[in-house]
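Residue numbers (our numbering), protein chains in the order written: chain A, 1 to 422; chain B, 423 to 844. Notes follow the structure.
Number of protein chains: 2
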Amino acid sequence: MVTLGLIGCGVISDSYLTGAARSALVKMKSVADLRPEAAQSQAEKYGVQAVSIDALLADPEIDIVIEAVGGTKPARGFVATALQHGKSVVTPNKELIAKHGNELLNIAAEAHVDLMFEGAVGGGIPIIRPMKESLAGDRIQRVVGIVNGTTNFILTAMSQEGRDFSDVLKDAQSKGYAEADPTADVEGYDAMYKIAILSSIAYGSHIDVNQIYHEGITKISADDIRYAKQLGYEIKLLAIGARSNGALDLRVHPTFIPKEHPLASVNGVFNAIFVQGDPIGDLMFYGRGAGSGPTGSAVVGDVIDCARNINMNAAGRVPCRCYQKLPIQPISEVTTRYYLRTRVVDQPGVMGKMATALGNHGVSLISVFQPKQEDGQQGSGVAEIVWITHLVKESYMQAALETLAGLPEVVEIANLIRVEGA
Amino acid sequence: MVTLGLIGCGVISDSYLTGAARSALVKMKSVADLRPEAAQSQAEKYGVQAVSIDALLADPEIDIVIEAVGGTKPARGFVATALQHGKSVVTPNKELIAKHGNELLNIAAEAHVDLMFEGAVGGGIPIIRPMKESLAGDRIQRVVGIVNGTTNFILTAMSQEGRDFSDVLKDAQSKGYAEADPTADVEGYDAMYKIAILSSIAYGSHIDVNQIYHEGITKISADDIRYAKQLGYEIKLLAIGARSNGALDLRVHPTFIPKEHPLASVNGVFNAIFVQGDPIGDLMFYGRGAGSGPTGSAVVGDVIDCARNINMNAAGRVPCRCYQKLPIQPISEVTTRYYLRTRVVDQPGVMGKMATALGNHGVSLISVFQPKQEDGQQGSGVAEIVWITHLVKESYMQAALETLAGLPEVVEIANLIRVEGA
């Protein structure tokens, strides 16, 4: 029997405690929490002992520590100490792994123990282990994920019900799908941590999260979603990690994807990760991206994996392979297609003048259309023009936007959204 | 360096040989084939040695054998001998694992070596390892797969182009997506082997493939597919393995699934496996289900996993857990919904008479509709009636069909297709 300790006795800890109790391979011994009364309460409920965090980390009987404190401070220190004391660690803490995974994996390797974090990306979706093990013989080219359930819930509701962002956000908050402070989700930080982790595994590279471009969904309007549908697209917050000429193209932003793409029909709080590799071709992993059940499944699966390694004296059998430090392509160098929504003075010749300005900056166009004006807009003297471009470098596009904004007929650059996957 | 041998030098063996050459962890030493000239040719191409199968199996330097002979005889003997000689074995041979996996896994366990077979189900889709390891803490309730690319290619073409089965089959044969003798695919044998393997892992049970109900797609007509779409469904060949009151409900058959279900949009040669478990919830794994690239990815992934175990002296670290022999529910006891297409004498009162007969057998109805007759059928005096039932036990449904067939107004029971997933 392999012995466990749990640090962090919040709501989700029930799933770890019940999951551990179901496995014949492991036995929970101690729980700890920054708030001793939380540990005491779980200890009584599950018939284990409540101890201080220091005592748990120092207990030589404990083989595996589950870190469920969250955040980076003080979790980073707890995990480092546990590893240094020869304990394997399981954590679903995406921010910790994205920011300090490299350092912690080095400590784990030196101590000949495991650090596993399947729950850090995609909730219960098996993705870390398949990438590290099943695809060990592949060269991964591209990882594209819907990895944040909150924003996917919001975008799905906006798409299916035609509602506005702020309206749906309030709804999501009241249902518990969004936090009171939704910044980490709606501004793309959460997805940024997750694509950092996925990319570091996919490309064997250390990744500095601060270099990842990220943009949230707060500027997406009901109009953008309506136009996307008219053009055959859905808007999703995508986390993208791809090889690009010896560098990595890493970014998080709202994206137009064609309705036929497997990611386009991933709705509500579901997550999915699309992987392209050689020789595997296209793969997609789909499931619930958050919540106590899925995260519990991931953590307990990792605990059992650690326990099997301990029983076989094989901890560290799947090493971290992030030896490289591949450069991260600046967003200005990224080449993609764009959806551009502009508000202009409603008079003849404006479309032509703008198209010429775009062309002068090397932006060529797939389609241009002028949506029918809604009742409230008619007679305002202002019209919308929606543009879809061919592939163009971001820096050219930004220069073109500056020129457009300077035209007297252009009232507003209302939105710019990248288009991928066709 | 871990040393490999390969038995079976057919077309797909290139993917194993190139894949092995890319890994720093393993080295291919010898290849063998029932046709020595095939082994000789691959040996020259990849700079390894060609030997007899007996010599390869007896070579003490070889740590891992890849079995790529296919079928059960003589592959079963080769695998058993390799395992008994202390070699780990990797095979994508679904028929072998479905029929003799239990026996071979026992031999592997006694010899403290690994037998891995990720490529046997879903081509390169990671599904065996995630189920055995990532979901080790879950109780799986239901596995539903589109696991045969040939039949999915045919059904997709029928659905998208309105064509008939025999017409599309010829097309698939000419494109190499279907064999000259397509029986194993179109009659559901291939899917049957795969659901046997998935279910044995999901439920920890030994499964006799001969007890799995299987039905192919040869009876599906363009009319069935058209009606399915009108009712909001797609027709897919599903392989189902579910818990059912302490028994297992295992079956392969064409199935109506709602358009909104994630499996409904899995098209062409793609495969997908949908898993429901506790606490994980719903998961889906999607990718290319066949072909040299995907199968090569799966086999090389397994080889690297075996090699890591050998280097750590940890072979057998993920044991077979198929200790049980759960009963398999006879198809007559299975409860599901049905689509029933009947051809009847075109006169008033027939629908009522038939509905009464169905009701007398305990079959209650969700919907009944009489499709508009095609040009060629008009004036024939025969009309079609399409029925969708509520949940009903198969034996009741079959008894009801017998009664319907005996009614003078019923010209033909044209098709009966099960409806799942809503």
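Note that CB positions come from ideal geometry on N, CA and C, so glycine has one too.
Nearest neighbour of residue i, chosen from the options [CA to CA]
i: residue 512/B; options: 737/B, 655/B, 628/B; result: 737/B
i: residue 214/A; options: 235/A, 187/A, 208/A; result: 187/A
i: residue 368/A; options: 380/A, 379/A, 353/A; result: 353/A
i: residue 29/A; options: 14/A, 44/A, 48/A; result: 48/A
i: residue 249/A; options: 389/A, 126/A, 330/A, 230/A; result: 330/A
i: residue 643/B; options: 716/B, 588/B, 631/B; result: 588/B
i: residue 807/B; options: 815/B, 603/B, 784/B, 832/B; result: 832/B
i: residue 721/B; options: 439/B, 432/B, 424/B; result: 439/B
i: residue 834/B; options: 735/B, 561/B, 762/B, 695/B; result: 762/B
i: residue 278/A; options: 665/B, 704/B, 547/B; result: 547/B
Amino acids of chain E, ordered along the chain, whose beta-carbon sits closer than 7 Å to that of residue i
i: residue 273/A; result: Protein chains A and B are contained in the structure displayed, whereas chain E is not.
For residue j and residue i, the rounded distance between their alpha carbons
i: residue 256/A; j: residue 147/A; result: 16 Å
i: residue 707/B; j: residue 618/B; result: 18 Å
i: residue 605/B; j: residue 638/B; result: 9 Å
i: residue 219/A; j: residue 289/A; result: 24 Å
i: residue 827/B; j: residue 817/B; result: 15 Å
i: residue 120/A; j: residue 67/A; result: 12 Å
i: residue 306/A; j: residue 114/A; result: 7 Å
i: residue 175/A; j: residue 424/B; result: 54 Å
i: residue 9/A; j: residue 39/A; result: 6 Å
i: residue 693/B; j: residue 623/B; result: 19 Å
i: residue 485/B; j: residue 426/B; result: 6 Å
i: residue 364/A; j: residue 417/A; result: 16 Å
i: residue 473/B; j: residue 434/B; result: 19 Å
i: residue 603/B; j: residue 390/A; result: 46 Å
i: residue 156/A; j: residue 760/B; result: 32 Å
i: residue 492/B; j: residue 553/B; result: 24 Å
i: residue 78/A; j: residue 302/A; result: 18 Å
i: residue 111/A; j: residue 85/A; result: 8 Å
i: residue 55/A; j: residue 6/A; result: 12 Å
Sequence-distant residues of the same chain with beta carbon closer than 6 Å to residue i, five excluded per side
i: residue 206/A; result: 102, 322, 325
i: residue 607/B; result: 570, 572, 573
i: residue 224/A; result: 415
i: residue 358/A; result: 400
i: residue 803/B; result: 768
i: residue 436/B; result: none
Residue i in three-state terms, based on DSSP
i: residue 277/A; result: strand
i: residue 428/A; result: Since the first residue of chain A shown is 1 and the last is 422, residue 428/A is not available in this structure.
i: residue 351/A; result: helix
i: residue 652/B; result: helix
i: residue 213/A; result: strand
i: residue 406/A; result: helix
i: residue 132/A; result: helix
i: residue 491/B; result: coil
i: residue 56/A; result: helix
Own chain, CB closer than 7 Å to residue i, minus 5 neighbours either side, in chain order
i: residue 232/A; result: 258, 259
i: residue 555/B; result: 740
i: residue 551/B; result: 540
i: residue 82/A; result: 57, 65, 89
i: residue 731/B; result: 536, 737, 739
i: residue 656/B; result: 581, 650, 679, 681, 686
i: residue 109/A; result: 316, 319, 320
Neighbourhood of residue i by C-beta distance below 8 Å, restricted to the same chain and skipping five residues each side
i: residue 621/B; result: 565, 627, 629, 663, 670, 672
i: residue 614/B; result: 520, 631, 634, 636, 661, 674
i: residue 370/A; result: 351, 383, 384, 385, 386
Element boundaries [alpha helix (DSSP H), containing residue i]
i: residue 441/B; result: 435 to 444
i: residue 462/B; result: 458 to 468
i: residue 578/B; result: 571 to 583
i: residue 733/B; result: 714 to 733
i: residue 621/B; result: 611 to 625
i: residue 32/A; result: Premise fails: residue 32/A lies in the beta strand (DSSP E), 26 to 32, not in any alpha helix (DSSP H).
i: residue 10/A; result: It is not in any alpha helix (DSSP H) - residue 10/A carries neither H nor E in the DSSP assignment.
Terminal residues of the beta strand (DSSP E) in which residue i lies
i: residue 5/A; result: 2 to 7
i: residue 680/B; result: 669 to 680
i: residue 791/B; result: 787 to 791
i: residue 335/A; result: 335 to 345
i: residue 510/B; result: 510 to 512
i: residue 904/B; result: Outside the shown range of chain B (423 to 844) lies residue 904/B, about which nothing can therefore be said.
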